[in-house]
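Single-structure report; data block below.
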Amino acid sequence: MEMTTLGTVATICFFCALVQSLFSGFILKLSDDLKSKRPYVSRFLHFAGEPEIVFGMWAAAFLAVLMLVSGFEAGLKWVDERNFSEVAFVVVIMVLASTRPITEFAEKIIGSIAKLLPLSKPEAMYIAVLIIGPLLGSLITEPAAMTISALLLKRRVFDPLGKGVASKFFYITLATLFVNISVGGALTHFAAPPVLMVARIWDWDTPFMFMTFGWKAVIAVVINTIIAFMLNRETLKTIKPPVRDPNDIPLRTPFWITAVHLAFMVLCVMSVHHPTFVIGLFMFFLGFYDITRDKQSEVRIEESMLVGFFLAGLVTLTAKQGWWLKPILQSIENLALYVGTLILSPITDNAAMTSLAAQVSGLSDQSKYLIVAAAIVGGGMTIIANAPNPAGLSLLKDHMPGKSLSAGKLLMGALTPTIITALLFWFL
Numbered sequence: 092m093e094m095t096t097l098g099t100v101a102t103i104c105f106f107c108a109l110v111q112s113l114f115s116g117f118i119l120k121l122s123d124d125l126k127s128k129r130p131y132v133s134r135f136l137h138f139a140g141e142p143e144i145v146f147g148m149w150a151a152a153f154l155a156v157l158m159l160v161s162g163f164e165a166g167l168k169w170v171d172e173r174n175f176s177e178v179a180f181v182v183v184i185m186v187l188a189s190t191r192p193i194t195e196f197a198e199k200i201i202g203s204i205a206k207l208l209p210l211s212k213p214e215a216m217y218i219a220v221l222i223i224g225p226l227l228g229s230l231i232t233e234p235a236a237m238t239i240s241a242l243l244l245k246r247r248v249f250d251p252l253g254k255g256v257a258s259k260f261f262y263i264t265l266a267t268l269f270v271n272i273s274v275g276g277a278l279t280h281f282a283a284p285p286v287l288m289v290a291r292i293w294d295w296d297t298p299f300m301f302m303t304f305g306w307k308a309v310i311a312v313v314i315n316t317i318i319a320f321m322l323n324r325e326t327l328k329t330i331k332p333p334v335r336d337p338n339d340i341p342l343r344t345p346f347w348i349t350a351v352h353l354a355f356m357v358l359c360v361m362s363v364h365h366p367t368f369v370i371g372l373f374m375f376f377l378g379f380y381d382i383t384r385d386k387q388s389e390v391r392i393e394e395s396m397l398v399g400f401f402l403a404g405l406v407t408l409t410a411k412q413g414w415w416l417k418p419i420l421q422s423i424e425n426l427a428l429y430v431g432t433l434i435l436s437p438i439t440d441n442a443a444m445t446s447l448a449a450q451v452s453g454l455s456d457q458s459k460y461l462i463v464a465a466a467i468v469g470g471g472m473t474i475i476a477n478a479p480n481p482a483g484l485s486l487l488k489d490h491m492p493g494k495s496l497s498a499g500k501l502l503m504g505a506l507t508p509t510i511i512t513a514l515l516f517w518f519l
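In terms of this note's numbering, the sequence shown opens at residue 92 and continues consecutively.
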């Protein structure tokens, strides 16, 4: 099969994945309806409706077509020519960051900062989680930061409010969390999926990310949180601090175990572009985890594998897409490029947008900046806009008004923080 034809087939599979991801809610609803009548069909539809799985499924379909037409070796060659180092890194760092020692360490940092604020405990924790949690994402990755932030919001804010959480409070909080997480990982080159997909190709490192994107992201996160706090303050005032049982002694992880976990994370970050070392490091970590399992929580491998499967699908499908994307990107003005990417990111996935852009040679530095800025800014407007969003929703869904997520209310809740962040990245 010729390279042009290969690119065309990959493009078709990519857009099929986009369309399927747009209908993921409908597919999941159909899965629930068929649960009793057609259990096997229901399970398959549930599988096909997960946003993280869609791109991996279509990548597998593309490779199957390639192998049938051009032979098994052609499929292996296509895979061998792709670089999956970022995929391996994300899977491993997510597992490391979601372990009990690391989550306790992050909670301690957020809790210590919350104590410094001259507010009630629920109000202080609300602000600290929405600011420090997303910014920690630049160190522990966005998916891990989403998990920690959502868990803290659930325990300290939503659980005390009970089941009757007001729709306005829920969607403003959820949307602000999504937007802040999406931009909060932009202080480094390895934490945010849309940045990770281009960092190696465009030679972006952490100093560059902080000086170009990071300080603007900090300003945006702080402003967005203050606005959300002011809009929700009356509800936050109704939350009573939890009464602790004096006989309830919390289990704490020994510091040396936390230190070892942090060391594993540092080594993983230092070797982000060396997947063989990262995987070997992960094997050593699993051995250490087993030795200290009485001080550990269950390893969250499933969520990490799902995100990795999603990114691997993107790497497979977005290769050789420059043939149609290059003339489009090079023919439009800066503002149109920025706004266009900002509009497309929520309905595709921001990592998909930047992964496509990485296939285009000859882009100006300004175009690269605008594409990535718009991609991270638009990551909070829908559930599929940013890879960590489904994880955050799954942790908070018990307090969601109604039985299902309202895409319209999430979009409305995200408009204000998205516009503010977009203006900051455009003018600063």
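Positions of the beta carbon are idealized from the N, C-alpha and C atoms, including for glycine.
8 Å Cβ cutoff met for Ala179 and Ala235: No, they are not a contact pair.
Leu157, buried or exposed, once every other Cβ within 10 Å from all chains shown has been counted against 16: Leu157 should be labelled buried.
Proximity to Lys307 [Cα-Cα], best of Phe138, Thr232, Gly276, Leu243: Nearest to Lys307 by C-alpha distance, out of Phe138, Thr232, Gly276, Leu243, is Gly276.
CA-CA distance, Met300 and Leu97? One C-alpha to the other measures close to 34 Å.
Could you give the DSSP three-state label for Ile259: helix, strand or coil? Note that residue 259 is Lys in the sequence shown here, rather than Ile. DSSP places Lys259 in helix when its eight states are reduced to three.
Leu322 lies in the alpha helix (DSSP H); which residues open and close that run? Annotation: the continuous alpha helix (DSSP H) that includes Leu322 extends over 306-328.
Counting C-beta neighbours from all protein chains within 10 Å, is the total for Arg247 16 or more, i.e. buried, or is it exposed? Counting the other CB atoms within 10 Å of its CB gives Arg247 a total of 16 or more, which places it among the buried residues.
Please say whether Lys331 and Pro209 have beta carbons closer to each other than 8 Å? No, Cβ-Cβ distance for Pro209 and Lys331 is not below 8 Å.
Look at Ala241 and Leu501 and say whether their C-beta atoms are less than 8 Å apart. It is not a contact, given that the beta carbons lie outside the stated cut-off.
Under the rule that 16 or more other beta-carbon atoms within 10 Å means buried, what is Ser422, buried or exposed? Burial call: exposed.
According to DSSP, simplified to helix, strand and coil, what is Phe114? Look at Phe114 here: in three-state DSSP terms it is coil, with no helix or strand label.
Cutoff 7 Å; reference Ile204; Cβ partners in own chain excluding five residues on either side: Residues of the same chain with a CB within less than 7 Å of the CB of Ile204, apart from the 5 flanking positions on each side, are Ala219, Ile223 in chain order.
In this structure, does DSSP put Asp440 in helix, strand or coil? Here Asp440 sits in coil by DSSP.
Could you give the distance in angstroms between the alpha-carbon of Ala161 and the alpha-carbon of Pro437? Sequence check: residue 161 is Ser here, not Ala. The straight-line gap from Cα to Cα measures roughly 35 Å.
As assigned by DSSP and simplified to three states, the class of Gly228: The three-state reading of DSSP puts Gly228 in helix, counting H, G and I together.
Residue from Ala283, Thr326, Val274, Thr297 whose Cα sits closest to the Cα of Thr264: If we check each option's Cα against that of Thr264, Thr326 comes out closest.
Mind pulling the alpha helix (DSSP H) runs of 4 or more residues that sit fully within the region 104-173? Complete alpha helix (DSSP H) runs here, min 4: 115-124, 130-140, 142-161, 163-171.
N- and C-terminal bounds of the alpha helix (DSSP H) containing Ile392: 392-409 is the extent of the alpha helix (DSSP H) around Ile392.
The alpha helix (DSSP H) spanning Arg343 covers which residue range? Bounds of any alpha helix (DSSP H) do not take in Arg343, whose DSSP letter is neither H nor E.
Suppose only complete runs of 4+ residues qualify. What are the alpha helix (DSSP H) ranges in the region 433-510, listed by chain order? For the region 433-510, whole alpha helix (DSSP H) runs of length 4 or above, ordered along the chain, are 441-448, 456-468, 480-487.
Put Pro209 into one of helix, strand or coil per three-state DSSP. Note: Pro209 maps to coil in three-state DSSP.
Measure the CB-CB distance between Asn477 and Asn425 and report whether it falls below 8 Å. Contact: no.
Determine whether the beta carbon atoms of Gly147 and Phe518 lie at a separation below 8 Å. No, Cβ-Cβ distance for Gly147 and Phe518 is not below 8 Å.
I'd like to check one pair, Met396 with Val182: are the Cβ atoms closer than 8 Å? Yes, they are a contact pair.
Would you kindly check if the distance between the Cβ of Lys386 and the Cβ of Ile348 is under 8 Å? Cβ distance < 8 Å, so Ile348 and Lys386 count as in contact.
Where Ser388 and Leu353 are concerned, what is the direct C-alpha to C-alpha distance, given to the nearest angstrom? Between the C-alpha atoms of Ser388 and Leu353 there is a straight-line separation of about 16 Å.
Alpha carbons only, please: which of Ile317, Phe153, Ile200 is nearest the one belonging to Cys104? The residue among Ile317, Phe153, Ile200 with its C-alpha nearest the C-alpha of Cys104 is Phe153.
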